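Under this note's numbering, the first residue of the sequence shown carries the number 214, and numbering increases by one thereafter. Note that the Cβ used here is the ideal one computed from N, Cα and C, for glycine as well. Just so we're clear, the structure is a prediction, and the values are computed from it rather than from any experiment.
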Amino acid sequence: MGPVMAAHALGRLEAALRLAPAPPPAGPDDFLSGSSGNVEGRRALAASALDRALDVRGALDGTRRRATRDGRQLPCRRVLTLTIAREDLPNLVTQTGAELQRSRHDVDQIVGAATGAGKFERLNELLDGRDLSSYDWVLVIDDDVLLPAGFLDRFLAAAESAQLRVAQPAHRRRSHAAWPITRRAVGARVRETTFVEIGPVTAFDRVAASELLPFPELRMGWGLDTHWSAVAREHGWPIGIVDATAIAHTLRPAAATYPREAAIAEARTFLTGRDYVPRDQIRTLVVHR
């Protein structure tokens, strides 16, 4: 497919997605996106086709090649990855571990089994006693996310090139993703934004980890990302989304393993008296190509 045909195809697919059924109206809780973000049916078919077209574009315009080159040039970093695995459900922990071990970086992978405790309670148990100052980056990775080949090298290089303190990879268009801003953007390598979500993959550099970890005593953690984003704004930290390493989050929709109503109630309680970034202030600030 040539560049002109690829551009036309991208335009048609983007239009098809825009014409998809509208999400339910947003409620009063402005720490929520206002939509479920689940991608199913015809929308899933159109989104998958758009992902393939974006992959082709990235190969043709050199975006992937530049990201790979930058990943090879980044000095070795010490990285801690944390995952809570549901052993009673299908997961991608083995595939994630294999991909991370192919990285050039010094990676400590910690996987803990899901128990009766909440996700963030379990993450704090995994963090207990660890000297986070010895790591350049700490990544929290859900057990149901598919990482692209060469993920960690390219992701860290892109995040550091934009001097991001907190970062996440973009979602592929086919992914289940509640926040539209987190879906991969056409022609972008990395974007500085006013918001980074709590999952399925979130990365903290040494400075951010010293401020934000361990996590607050939360089970599900909804709303925590809007508070983190406000903390980043207060400190003047750049945060953002790496489009060069878009992930697939299709195995399970968000909130598939816990009650949505309980997650919202927990968020309301947590955010009471705390600063946070409401959804009408969530936007892209700078695009790096």
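Can you give the Cα-Cα distance for residue i and residue j, rounded to whole angstroms?
{"i": "Asp319", "j": "Tyr348", "result": "9 Å"}
{"i": "Ala422", "j": "Arg378", "result": "9 Å"}
{"i": "Leu295", "j": "Ala262", "result": "32 Å"}
{"i": "Asp456", "j": "Ile411", "result": "17 Å"}
{"i": "Ser388", "j": "Thr281", "result": "23 Å"}
{"i": "Gly284", "j": "Asp366", "result": "5 Å"}
{"i": "Ala383", "j": "Phe364", "result": "12 Å"}
{"i": "Gly434", "j": "Gly254", "result": "29 Å"}
{"i": "Leu339", "j": "Gly325", "result": "7 Å"}
{"i": "His440", "j": "Arg279", "result": "33 Å"}
Tell me whether the beta-carbon of residue i lies closer than 7 Å to the beta-carbon of residue j.
{"i": "Ala391", "j": "Ala461", "result": "no"}
{"i": "Leu437", "j": "Phe244", "result": "no"}
{"i": "Asp155", "j": "Leu464", "result": "Residue 155 falls outside the range modelled here, since the chain spans only 214 to 502, and no answer is possible."}
{"i": "Arg386", "j": "Asp264", "result": "yes"}
{"i": "Leu359", "j": "Leu305", "result": "yes"}
{"i": "Arg331", "j": "Arg396", "result": "Contrary to the premise, residue 331 reads as Gly rather than Arg in this sequence. It is not a contact, given that the beta carbons lie outside the stated cut-off."}
{"i": "Ser442", "j": "Val490", "result": "yes"}
{"i": "Glu405", "j": "Ala375", "result": "yes"}
{"i": "Ala380", "j": "Ala416", "result": "yes"}
According to DSSP, what are the bridge partners of residue i?
{"i": "Leu359", "result": "Ala461"}
{"i": "Thr296", "result": "Val324"}
{"i": "Leu340", "result": "According to DSSP, which records beta bridges pairwise, Leu340 is partnered with nothing at all."}
{"i": "Asp418", "result": "Trp350"}
{"i": "Ala291", "result": "Just to set this straight, residue 291 is Arg in the shown sequence, not Ala. Arg291 pairs with Asp319."}
{"i": "Ile452", "result": "Val379, Thr406"}
Would you identify the three-state DSSP class for residue i, choosing helix, strand or coil?
{"i": "Thr328", "result": "coil"}
{"i": "Trp441", "result": "helix"}
{"i": "Pro382", "result": "strand"}
{"i": "Thr307", "result": "helix"}
{"i": "Ile354", "result": "strand"}
{"i": "Leu369", "result": "helix"}
{"i": "Thr276", "result": "helix"}
{"i": "Glu430", "result": "coil"}
{"i": "Val490", "result": "coil"}
{"i": "Phe483", "result": "helix"}
{"i": "Glu253", "result": "coil"}
{"i": "Gly271", "result": "helix"}
{"i": "Ile477", "result": "helix"}
{"i": "His389", "result": "coil"}
Find the nearest neighbour of residue i within the set the options, judged by alpha-carbon distance.
{"i": "Pro393", "options": "Arg492, Arg317, Thr296", "result": "Arg492"}
{"i": "Ile297", "options": "Asp274, Gly329, Glu312", "result": "Gly329"}
{"i": "Thr458", "options": "Arg465, Gln322, Leu369, Val252", "result": "Leu369"}
{"i": "Ala426", "options": "Met433, Arg299, Asp418", "result": "In the sequence under discussion, the amino acid at residue 426 is Leu, which differs from the Ala named in the question. Comparing Cα positions, the closest option is Asp418."}
{"i": "Lys451", "options": "His501, Ala398, Arg265", "result": "The sequence given here has Pro at residue 451, not Lys. Selected option, being the one with the closest Cα: His501."}
{"i": "Leu287", "options": "Ala371, Leu305, Gly449, Arg270", "result": "Ala371"}
{"i": "Asp242", "options": "Arg481, Ala476, Val499, Arg496", "result": "Arg481"}
{"i": "Ala398", "options": "Arg496, Gly325, Ser248", "result": "Arg496"}
{"i": "Gly453", "options": "Thr307, Phe408, Glu447", "result": "Phe408"}
{"i": "Thr276", "options": "Ala401, Arg473, Thr415, Pro429", "result": "Ala401"}
{"i": "Ser246", "options": "Ile477, Gly486, Leu498", "result": "Ile477"}
{"i": "Leu293", "options": "Ala272, Val414, Leu273, Asn251", "result": "Val414"}
At a Cβ threshold of 7 Å, is residue i touching chain B?
{"i": "Thr497", "result": "In summary, chain B is missing from the structure at hand, where a single protein chain is found."}
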